[in-house]
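Protein sequence lines correspond, in order, to chains A and B.
Just so you know, the first sequence maps onto residues 0 to 473 in numbering that gives the first Met the number 0.
Just so you know, the second sequence maps onto residues 0 to 473 in numbering that gives the first Met the number 0.
Here the structure is laid out as structure tokens; the discussion comes afterwards.
2 protein chains.
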Amino acid sequence: MPELATTPDDAQDLDGKDNIASAVAQLKERFKERCATSKALREQHGHTTTWLRNQPPDAVVFAETTEEVADIVRVCARFKVPVIPFGAGTSLEGHVNAPRGGVSIDLSRMNAVLEVNAADLDCRVQAGVTRKQLNSYIRDTGLFFPIDPGADATLGGMASTRASGTNAVRYGTMKDAVLGLTIVTADGRIIRTGGRAKKSSAGYDLTRLFVGAEGTLGVITELTLRLHGQPEAISGGVCPFPDVASACNAVSTTIQMGLPVARIELLDEVQIRGCNIYSKLGLAETPTLFLEFHGSEAGVREQSEMFSAIAEEFGGGPFEWATAPEDRTRLWTARHDAYWAGKALKPEAQIMVTDVCVPISSLADCVAATHEDIRAEGFLAPIVGHVGDGNFHVQVLVNIDDPEEKRRTEKFVERLSLRAIDMGGTCTGEHGVGQGKQKYMAREHGEALEVMRAVKHALDPDNVMNPGKILPQS
Amino acid sequence: MPELATTPDDAQDLDGKDNIASAVAQLKERFKERCATSKALREQHGHTTTWLRNQPPDAVVFAETTEEVADIVRVCARFKVPVIPFGAGTSLEGHVNAPRGGVSIDLSRMNAVLEVNAADLDCRVQAGVTRKQLNSYIRDTGLFFPIDPGADATLGGMASTRASGTNAVRYGTMKDAVLGLTIVTADGRIIRTGGRAKKSSAGYDLTRLFVGAEGTLGVITELTLRLHGQPEAISGGVCPFPDVASACNAVSTTIQMGLPVARIELLDEVQIRGCNIYSKLGLAETPTLFLEFHGSEAGVREQSEMFSAIAEEFGGGPFEWATAPEDRTRLWTARHDAYWAGKALKPEAQIMVTDVCVPISSLADCVAATHEDIRAEGFLAPIVGHVGDGNFHVQVLVNIDDPEEKRRTEKFVERLSLRAIDMGGTCTGEHGVGQGKQKYMAREHGEALEVMRAVKHALDPDNVMNPGKILPQS
């Protein structure tokens, strides 16, 4: 392998384009065919499941080790060329777009599970391991990794967007699941944060600073993750409600009573209609909760019975629950296919998907106001959500090529985001900021946004790490 | 009230002492008798439950609002005078000492519970509210705040040291309990981090950056905290073991099996002897686990029976458990008085207390090696710990005025800290770094320590916020 030049001087007199050309030339020399510049590959690496315009990087490098990532970052740092980490490309807010060009580091080949410490309920993985791959790998240990955003995302990407999903109400989010990280910093150093102890008071919590930073402070290359024992028993089922308010109120009561529900998901009547079409469920088209309980045999029975009583109190039910794995799998596969089920309602449309999160006492009001807004706009827009956390998603089915329809949808997302913030919530519970939610950062964080900028400037003074994400230009 | 001068210029030509005098003069003018400079009060504000030398501040200001804290910080920033936040003074590693002099901000009068949102299981408090005060305040809501470091610390102080305690194995640490913060930054701005949503992916996790920062990045003045429902049923009890290894192995198995134990505490035979003297318990003087289970009536019975079986497997038992509140209270009061029980073993001695945390699979080895070290040194040093997290404390009973005994104890703490780090653990699980653990930061964090320094420099360029804590001088 040729040595990398290390003097920073020769970058001085070049403009941006020349800098990118020089960096890509060095990377091509170093990584040969693993540094790709074909249009198709570049576009695929700017593409996400998003309504945002594709902004491809100038090159894609397939890294295989942390040291290689550090080499790539050093080259980019030297030429002040943007670095965009790429995992599975399943993010929803334009996180992998390259608005200023630059180099996409594809981490999908870094997909080794490095160690599993069953006795300590932890493991160490490379950033390109996906959540399903990890769960397959550890199945025989009796352990599982609970965080489940739906898509089979990479664990590095999930950490970077602070992902969560259906199990978060019981097991927390990536903020809770990550014990430690290996990071390549903006100047190409390799650092390790956190460790394998279950807790520590030894200094700043860098782990949680990098979790959710969307690659804007460094590239995550390895993760130490907390695992959980597979529950002895699982039960689950569906519970219809006459309206969204009564379903939300049942959720609130369930949480307030401390029922340790593992999943509690709301699908509104439009979403149920989509699921019936796409997943052939045959459910009544009314707001419905999908639930799952984890525990001992006696425990899950007790939880199911307690929930039945709560549902009845709010006019819902009957709660039909089953412990047979095949029934549960069918149900949760349908839940995870909600995106495609939404699309089945209007196959010619695109989906503009967004998420917000509010205090649970405001959930019913926030969903009601959003439904009212959907009706007023005449949108077809199913709602589905991790309502145990106060988090819900709206999928607006639109013709994205119609500028007026696109503009109206953007305005709708804006009203929804501000509504959630005004209720003491957040403009994104789990999708992240990326490009799509930047404009709400000032409203949500106020003066604290300047502290975020100070941290960004301290760790990435030249703004090479995934620029144009999270922090709006000031 | 007189206006505060805001031009930074007049601080330029003064040396450190003059700067402090000028700052204190301005604070006296602004805060009158609430700015105190008596020797006794200053010494009390440098004093902690610690073996470290008392280093009193130059003045103590009793703040009553966030705006007052901001005023104090602005005066100190202007004169580049250190600011040391003070809550209850229960920290163990010299966090409230003033090695470079400066102004101690006493937050104990900021002790209002500002709101309790029972439906959302959260509340907002001023930083000077203590954990016991909060729990008294919310008792009738059916909720409780679980984090329990033993001492009746202020919640601001607990957040600053990332405190935890006996319940952390079930309910997490302050990292998990804090939803949002109000912070006065080093330049006297007031920012709000986080919010009331149960989760968010909207930008950098500033909340967890300030939790555990020990006042070195800003002063916490208000906290939004997560509460939990009081469990329907609680059972608890004690379980003796023939040796520490078998007790540790029973703990490991309990955790691996996913038994949702609320407390699982190890007291070694020396600690039990102290508790028998101090709290008149009459327990067999052998390594013993104190346990507590939270859940439904059926759930806690099931958990207790499962634990009994595990204990028996490792040669422990009988596990004697009871659900009567008075029996449990007696037991946990004794556990919380472990510090004084240790002292009862050698009333003329001082206590040098330290804590480490290791992966649970290394717990038995780490305790065994530490016991061996204690024996070799001829120390009297009870061990007690939150072993469900792999966290344990050693209280060395020493004559701190004997330089040789002090030196030997310091060397012992050093060996213990490095042993924990070498096992993949941390030099402090819950006490924090303060002054006492700074020398282990480089060994534990490596290159990541430079990232911590960069964050510190970005948020506090003049090093006025609690200087001389966490980060060793480079």
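Beta carbons: idealized from backbone N, C-alpha and C, even for Gly.
Where the alpha helix (DSSP H) through residue i begins and ends
i	result
isoleucine 71/A	65-77
glycine 179/A	Segment 177-184 is the beta strand (DSSP E) holding glycine 179/A; no alpha helix (DSSP H) there.
histidine 463/B	According to the sequence shown, residue 463/B is valine rather than histidine. Premise fails: valine 463/B is in no alpha helix (DSSP H) and is neither H nor E.
valine 454/B	447-458
valine 59/B	Looking at the DSSP string, valine 59/B is not in any alpha helix (DSSP H); the run it does join, the beta strand (DSSP E), is 58-61.
leucine 205/A	205-209
arginine 161/B	First-last for arginine 161/B: undefined, no H or E at that position.
glutamine 434/A	That residue, glutamine 434/A, is in no alpha helix (DSSP H); it is neither H nor E in DSSP.
alanine 441/A	440-444
serine 199/B	Careful: serine 199/B lies outside any alpha helix (DSSP H) and carries neither H nor E.
Nearest to residue i (by Cα), restricted to the options the options
i	options	result
glycine 257/A	Met305/A, Ala118/A and Ile399/A	Met305/A
glycine 86/A	Arg418/A, Arg123/A, Gly156/A and Glu409/A	Gly156/A
alanine 343/A	Ala321/A, Thr353/A, Val397/A and Leu330/A	Val397/A
arginine 188/B	Glu301/B, Glu66/B, Lys438/B and His94/B	Glu66/B
arginine 414/A	Asp459/A, Glu446/A and Asp354/A	Asp354/A
arginine 29/A	Leu470/A, Glu403/A, Leu330/A and Val72/A	Val72/A
glutamate 291/B	Ile350/B, Gly281/B, Ala62/B and Ile263/B	Ile263/B
arginine 169/A	Thr408/A, Ile254/A and Cys238/A	Ile254/A
phenylalanine 61/B	Lys197/B, Phe313/B, Ala24/B and Ser107/B	Ser107/B
aspartate 121/B	Pro241/B, Tyr439/B, Asn134/B and Gly127/B	Asn134/B
glycine 101/A	Leu142/A, Pro230/A, Ser251/A and Ala20/A	Ala20/A
valine 450/B	Gly433/A, Pro460/A, Lys79/A and Ile373/A	Pro460/A
proline 466/A	Ala76/A, Ala69/A, Leu26/A and Thr64/A	Ala76/A
lysine 405/A	Asp204/A, Leu330/A, Phe378/A and Trp320/A	Phe378/A
Residue i at chain A interface by Cβ criterion, 8 Å
i	result
cysteine 356/B	yes
leucine 379/B	no
aspartate 204/B	yes
cysteine 247/B	no
methionine 256/B	yes
valine 210/B	yes
glycine 194/B	yes
aspartate 388/B	yes
glutamate 413/B	no
glutamate 221/B	no
threonine 160/B	yes
histidine 227/B	yes
Any C-beta of chain B under 8 Å from that of residue i
i	result
serine 163/A	yes
alanine 4/A	Residue placement at alanine 4/A is poorly supported in this model, since its pLDDT is 38, which falls under 50; the coordinates are not used for a value here.
proline 471/A	no
valine 115/A	no
aspartate 147/A	no
alanine 447/A	yes
arginine 442/A	no
threonine 425/A	yes
histidine 456/A	yes
alanine 297/A	yes
valine 432/A	yes
glutamate 429/A	yes
For residue i, the first and last residue of its enclosing beta strand (DSSP E)
i	result
isoleucine 219/A	217-225
glycine 193/B	189-193
glutamate 319/A	319-321
CB-CB length for residue i against residue j, believed under 8 Å
i	j	result
glutamate 221/B	threonine 181/B	4 Å
alanine 485/A	leucine 448/A	Absent from the model: residue 485/A. The displayed extent of chain A is 0 to 473, so no value can be given.
valine 386/A	cysteine 247/A	7 Å
threonine 215/A	lysine 436/A	14 Å between Cβ atoms; not a contact.
glycine 127/B	valine 183/B	With a Cβ gap of about 14 Å, glycine 127/B and valine 183/B do not count as contacting.
valine 463/B	proline 81/B	6 Å
threonine 36/A	leucine 91/A	The pair is not a contact, with the Cβ atoms about 26 Å apart (cut-off 8 Å).
Short CB-CB distance (under 8 Å) between residue i and chain E
i	result
lysine 468/B	Within the model displayed, chain E is absent; protein chains A and B are what it includes.
### Task
Quick one: which unbroken beta strand (DSSP E) runs of 3-plus residues sit fully inside the stretch 375-428 of chain B? Chain order, please.
The qualifying runs are 382-385 and 390-397.
### Message
Runs of 4 residues minimum, wholly inside the stretch 74-140 of chain B: which ones carry the alpha helix (DSSP H) assignment?
### Response
List check, alpha helix (DSSP H) in window: 130-137.
### Unbroken stretches of the alpha helix (DSSP H), 4 residues or longer, contained in the stretch 336-376 of chain A
Annotation note: the stretch 336-376 of chain A contains the following uninterrupted alpha helix (DSSP H) runs of length 4 or greater, listed N- to C-terminal: 337-343 and 362-376.
### Message
Please give me, in chain order, every unbroken run of the alpha helix (DSSP H) with length at least 4 that falls completely inside the stretch 221-286 of chain B.
### Response
The stretch 221-286 of chain B contains these whole alpha helix (DSSP H) runs: 243-255 and 268-278.
### Task
At 4 residues or longer, and completely inside the stretch 19-61 of chain B: list those alpha helix (DSSP H) runs for me, N to C.
Within the stretch 19-61 of chain B, the alpha helix (DSSP H) runs of at least 4 residues that lie entirely inside it are, in chain order, 38-45.
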